[in-house]
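Number of protein chains: 2
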Amino acid sequence: MDHTKDIRDLTIVLAGTGRLAWHWPDMLALAGLRVAYVLGRSTDGVQELAAKAGSFGIMDPAHLPQAEDLFVILAVSDAAIQEVAGSLKGERRMMIHCSGSAVSEGITDGVCYPLQTFSRERQPAYNNIPFFLTAYRPDTEAILKQLVLMINGKFRFIDDDTRSRLHLAAVVVNNFTNHLVQLASEYLHGAGMSYQDLLPLLEETVYKLEEMDPGSAQTGPAVRRDLEVISKHLQMLQNHPALQDVYELMSRNLQEKYRHH
Amino acid sequence: MDHTKDIRDLTIVLAGTGRLAWHWPDMLALAGLRVAYVLGRSTDGVQELAAKAGSFGIMDPAHLPQAEDLFVILAVSDAAIQEVAGSLKGERRMMIHCSGSAVSEGITDGVCYPLQTFSRERQPAYNNIPFFLTAYRPDTEAILKQLVLMINGKFRFIDDDTRSRLHLAAVVVNNFTNHLVQLASEYLHGAGMSYQDLLPLLEETVYKLEEMDPGSAQTGPAVRRDLEVISKHLQMLQNHPALQDVYELMSRNLQEKYRHH
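So the sequences go chain by chain: A and B.
Per the working numbering, the first sequence starts with residue 1, numbered consecutively.
Per the working numbering, the second sequence starts with residue 1001, numbered consecutively.
Next up, the structure:
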């Protein structure tokens, strides 16, 4: 492949049928692009996604065209990247993966990591997703940049180490926030209340962060060093040990951090 | 006061000049109501809020009218409620506080707890705030209900115990989520990245919770029991002990919870 290759001249192959793979055809559609082949291991998964994407569904990489330039998007689990990439290697094939944590120089030609949480049930605003790109070859850099620009997404090129850090931070704000809500939900359930009552608060907490940094936005008993409320809360959590542990650790952190305020 | 009293016939007094007090005049304006008096301890604070609200600013409760029925909103710190309420007691005075954690039967006539985080800098969507009400007298119940209906807010009457639980849950989802973002922000800062890159993800995490409960929405390495990623992350956090503690506890909780999935 030469540097002047255009993404529109490549045959796009999507490997994987999981949550992220499910969204690639729609993201590509924003760029006016179509997935030609969906490659996967489960017959049902491949058929379903291929039907949705208007693609050929295949389960054997040998059925891919040999004479065309392919752009292969690996949307598979970290553990499967190496094996699937190995089965797809070829001179006329540019391959990228989408994982935040997998390092793959020598295995793929680049990385396109959309920093977002994907579920089948919901379509996030694709043009609000920050794409973090890594290119191990100059032609991959050009193609990735063209692709994200066509999707109308925000992007930045970063190295493997920075992507790992971003992935860790994403786990913290996504999975751990969701876990906080789950703990609060279980706690409220005993009083006949629902976590839904907390959503306007949580939404406002997030909106505030668009206007002020988390240090300035912080409020609450731990920041005020209101030890009476904190110890009352810990008492109230006697029968909720998981939440009690989290409350204790978070409050200790916050008191430590805001000691001199 | 009799049961048929109308909020529009009462003279509204706002005690306090803090973050929540700052928003009461605007919330009342939605109901077509005006704060007649702002009462506070700091001259500057009283003057500023009274000017904003188009109210008389006073620092001595003795300057309040004796011959009118007053509706006093105590928007003061938990620690100050008892003292301020004591200085305002009177037969023609109905008094409520707005705290999630203070219990006040015998001290005030009711509670109007807006479950939201308030800052001077931002105006949350008032009509999206759930108001949790407690009435220690039937006439307070009628007035509180009328007030929130006029604001066009959602409301529910709850007892002191349920309000305490809600307050605890609010601390968890608001303060602790904000703290997670702060920890992630500090961690990213070292790599020249900003927490702002994480906001589309955090927003999507919250939007998902409107459509599916936190149990179904959960993703990530801990739920997948991806011990390799978890131990790599803990390694990466060696120089960030506060975040490492949080990561370790949260991941342990999540692995425990999703053990049988």
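Glycine is no exception: its CB is placed at the ideal position from the N, C-alpha and C atoms.
These numbers were taken from a predicted model, which means no experiment stands behind them.
Cβ of residue i within 8 Å of any chain B Cβ
| i | result |
| --- | --- |
| ARG122/A | yes |
| SER42/A | no |
| ASP160/A | no |
| GLY16/A | no |
| ALA242/A | yes |
| MET1/A | Caution is warranted here: a pLDDT of 47 is assigned to MET1/A, below 50, making its placement in the model unreliable, and no coordinate value can be reported. |
| GLN182/A | yes |
| ASN250/A | In the sequence as presented, Asn is not what sits at residue 250/A; that position holds Met. Yes, because at least one Cβ of chain B sits closer than 8 Å to the Cβ of MET250/A. |
| SER185/A | yes |
| ASP197/A | yes |
| LEU227/A | no |
| SER119/A | yes |
| LEU10/A | no |
| LEU39/A | no |
CB contact below 8 Å: residue i versus chain A
| i | result |
| --- | --- |
| SER1087/B | no |
| SER1101/B | yes |
| MET1239/B | The residue you asked about is not Met; residue 1239/B is Asn in the sequence shown. It does not; no Cβ of chain A falls within 8 Å. |
| ALA1191/B | yes |
| ASP1245/B | yes |
| GLN1116/B | yes |
| ILE1107/B | no |
| MET1236/B | yes |
| VAL1046/B | no |
| HIS1233/B | yes |
| LEU1149/B | no |
| LEU1254/B | yes |
| SER1070/B | According to the sequence as given, residue 1070/B is Leu; it is not Ser. So, not an interface residue. |
| LEU1188/B | yes |
| LYS1005/B | no |
Beta-bridge partners of residue i, as assigned by DSSP
| i | result |
| --- | --- |
| TYR113/A | PHE132/A |
| GLY1057/B | VAL1038/B |
| THR108/A | GLU105/A |
| THR1011/B | LEU1070/B |
Proximal chain E residues relative to residue i, where beta-carbon distance stays under 7 Å
| i | result |
| --- | --- |
| PRO221/A | Among the protein chains in the structure shown, which are A and B, there is no chain E. |
Whole-number beta carbon distance between residue j and residue i, since they are thought to touch under 8 Å
| i | j | result |
| --- | --- | --- |
| ASN253/A | ALA1080/B | 27 Å between Cβ atoms; not a contact. |
| LEU1149/B | ALA1135/B | Incorrect: roughly 14 Å between the Cβ atoms, too far for contact. |
| ALA102/A | LEU1201/B | With 8 Å as the limit, ALA102/A and LEU1201/B do not qualify as a contact, their Cβ atoms being about 18 Å apart. |
| VAL1046/B | LEU1014/B | VAL1046/B to LEU1014/B, Cβ: 10 Å. No contact. |
| ALA1036/B | SER1055/B | 6 Å |
| HIS240/A | TYR187/A | 6 Å |
| GLU1210/B | LEU199/A | 6 Å |
| LEU1115/B | PRO1130/B | 5 Å |
| PRO124/A | GLU1204/B | 5 Å |
| VAL72/A | ARG41/A | Their Cβ separation, rounded to whole angstroms, is 15 Å, which puts VAL72/A and ARG41/A out of contact at 8 Å. |
| ALA29/A | LEU49/A | That pair is no contact at about 14 Å. |
| ILE33/A | ILE58/A | Just to set this straight, residue 33/A is Leu in the shown sequence, not Ile. The Cβ separation is near 19 Å, so there is no contact. |
| SER279/A | MET1193/B | The structure shown does not extend to residue 279/A, since chain A spans only 1 to 261, so no value can be given for it. |
| LEU280/A | HIS1233/B | This structure leaves residue 280/A out entirely; chain A is present only between 1 and 261. |
| GLY153/A | TYR113/A | About 12 Å; that fails the 8 Å criterion. |
| MET27/A | ILE151/A | 6 Å |
Fully enclosed by the region 73-99 of chain A, which alpha helix (DSSP H) runs are 4 residues long or longer? Listed in chain order, they are 78-88.
If the cut-off is 9 Å on Cβ atoms, which residues from the region 153-178 of chain A count as contacting chain B, listed in chain order? Taking 9 Å as the Cβ-Cβ cut-off against chain B, the residues of the region 153-178 of chain A that qualify are LYS154, ARG156, ILE158, ASP161, THR162, SER164, ARG165, LEU166, HIS167, LEU168, ALA169, ALA170, VAL171, VAL172, VAL173, ASN174, ASN175, PHE176, THR177 and ASN178.
Q | Runs of alpha helix (DSSP H) wholly within the region 127-207 of chain A (minimum 4 residues, chain order) | A | DSSP runs (the alpha helix (DSSP H)) wholly in the region 127-207 of chain A: 138-151, 160-170 and 177-189.
Worksheet item: Any residues in the region 201-219 of chain A with a beta carbon nearer than 9 Å to a beta carbon of chain B? Which ones, in chain order?
Response: The region 201-219 of chain A vs chain B, Cβ under 9 Å: LEU201, LEU202, GLU203, GLU204, THR205, VAL206, TYR207, LYS208, LEU209, GLU210, GLU211, MET212, ASP213, PRO214, GLY215, SER216, ALA217, GLN218 and THR219.
Select from the region 1128-1146 of chain B all residues with a C-beta closer than 9 Å to any C-beta belonging to chain A, and list them in chain order.
Of all residues in the region 1128-1146 of chain B, ASN1128, ILE1129, PRO1130 and PHE1132 have a Cβ within less than 9 Å of some Cβ in chain A.
When you check each C-beta in the region 1020-1034 of chain B against every C-beta of chain A, which residues fall closer than 9 Å? Result list empty, no residue passes.
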